[in-house]
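Each remark here refers to the structure printed beneath this line.
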Amino acid sequence: MSTNIFLCSYSYHTQRFHSQHKSGFPGYLFRLQTEGVCEVVVKGRKMELEKGNLLLIQPGDHYELLVRENQKSGDYYLGCEGDWIDEWWSRSAKPAVSRIDLDEKLLALWRHIIIEKRRPSSKENTELTDYLLRSLCLSLERAVNETTFSFSHPYAVTRMMRYIEEHATKVFKIEEVALHAGLSISRASHLFKKSVGKTMMEYAQQIRLSVAIERMNYTTMTLEHIAETCGFGTYSYFHKVFKKKYGVAPGAYRRLHIE
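Going by full-length UniProt numbering, the first residue of the sequence shown is number 1, and it counts up by one from there.
Shown next as structure tokens:
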């Protein structure tokens with residue numbers, strides 16, 4: 001199943017700008033507002049886009065973009081088409097506009113595609129570009145689902161879970177997690193425990209233990225090094241947490257599974 005990117009870049013407008021496709025946009029359009037504001041018209045509906053707004057358009061949709069005088073607007077945009085995109089688009093609802101986190105990993109993925117498309121056609125790795133585009137689509141879909149269709153957890157809890165998952169193998173504070181979700185420490189702690197059934201640190205320990213077991217099984221790292229790099233700090237604390245969870249010391253577990 002093929003994909004094709006026919007435009008991909010970043011734009012920043014400081015003067016009046018107007019673009020329109022009255023007869024319908026020729027492909028799929030992804031547009032993520034990263035700075036300032038602008039106005040769009042999609043299928044006759046006028047909307048103002050602010051920082052964090054993701055616009056998703058399918059082929060044939062009427063589309064207009066307007067940046068007014070004295071406005072500033074910055075955005076990443078990508079136009080694409082192909083069999084895989086058709087299949088991906090059709091398998092779940094895609095709201096025209098949704099608000100997502102401006103996640104640096106997602107933006108880095110978008111920038112990677114931009115750089116690949118700037119290469120001379122003879123130098124472009126089309127297979128790499130194809131997989132980068134698929135990764136971007138799936139990442140955008142997850143971001144939209146977590147903000148628009150997140151029924152399992154409140155969005156603030158989802159944000160806290162993602163923060164903990166990213167930082168679990170390092171030392172972090174509850175205050176940092178709460179700040180990431182825009183909540184007070186007490187509110188964040190209560191909401192997380194109520195929704196997830198674990199405290200933030202219990203959730204982090206679950207991730208740390210999972211990473212530690214993976215490293216015990218598939219690397220030659222010492223147990224002391226594993227304890228340090230998985231966020232436990234000291235081996236003695238790692239030993240205590242591991243034995244309480246699995247009923248056996250880390251060394252005994254490793255010997256059992258190596259043999």
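We put the beta carbon where it would ideally sit given N, CA and C, even for glycine.
A quick note: this is a predicted structure, and the numbers were derived from the prediction, not measured.
Phe242, enclosing alpha helix (DSSP H) - first and last residue
Tyr235 to Tyr246
Cα separation between Val196 and Ala252?
31 Å
Kindly indicate the opening and closing residues of the alpha helix (DSSP H) around Thr158.
Tyr155 to His167
Consult DSSP for Asp75 and reduce its assignment to one of helix, strand or coil.
strand
By the 10 Å Cβ neighbour count, where 16 or more other Cβ atoms means buried, how is His225 classified, buried or exposed?
exposed
Span of the alpha helix (DSSP H), counted from its first residue to its last, around Ser210:
Met200 to Tyr218
Glu50: which of His112, Ile57, Val40 and Leu223 sits nearest, CA to CA?
Val40
Span separating the alpha-carbon of Tyr155 from that of Ser189
14 Å
Taking just the CA atoms, how far does Glu165 sit from Leu133?
24 Å
The beta strand (DSSP E) with Leu55 in it runs from where to where?
Asn53 to Ile57
Hey, quick one: how far does the beta strand (DSSP E) through Gly36 stretch, first residue to last?
Tyr28 to Gly36
As assigned by DSSP and simplified to three states, the class of Leu183:
coil
Three-state secondary structure assigned by DSSP to Glu39:
strand
What's the call for Ile57, buried or exposed, on a 16-neighbour Cβ count within 10 Å?
buried
Name the DSSP beta bridge partners of Glu81, please?
Asn4
Are Arg255 and Cys230 touching if we call contact CB-CB under 8 Å?
no
Spell out a yes or no on whether the segment 57–70 and the segment 16–26 are touching, meaning 3 or more CB-CB pairs, one atom from each, closer than 8 Å.
yes
Do the segment 64–77 and the segment 3–23 meet, that is, are 3 or more Cβ pairs less than 8 Å apart?
yes
Buried or exposed, going by whether 16 or more other CB atoms sit within 10 Å of the CB of Arg119?
exposed
Can Glu141 and Met1 be called in contact, C-beta distance under 8 Å?
no
Please classify Met200: is it buried, with 16 or more other beta-carbons within 10 angstroms of its beta-carbon, or exposed?
buried
Determine the contact status of Ile113 and Thr129, defining contact as a CB-CB distance below 8 Å.
yes
C-alpha gap between Lys243 and Thr169, whole angstroms:
19 Å
How far does the alpha helix (DSSP H) with Arg111 in it extend, from its first residue to its last?
Glu104 to Arg118
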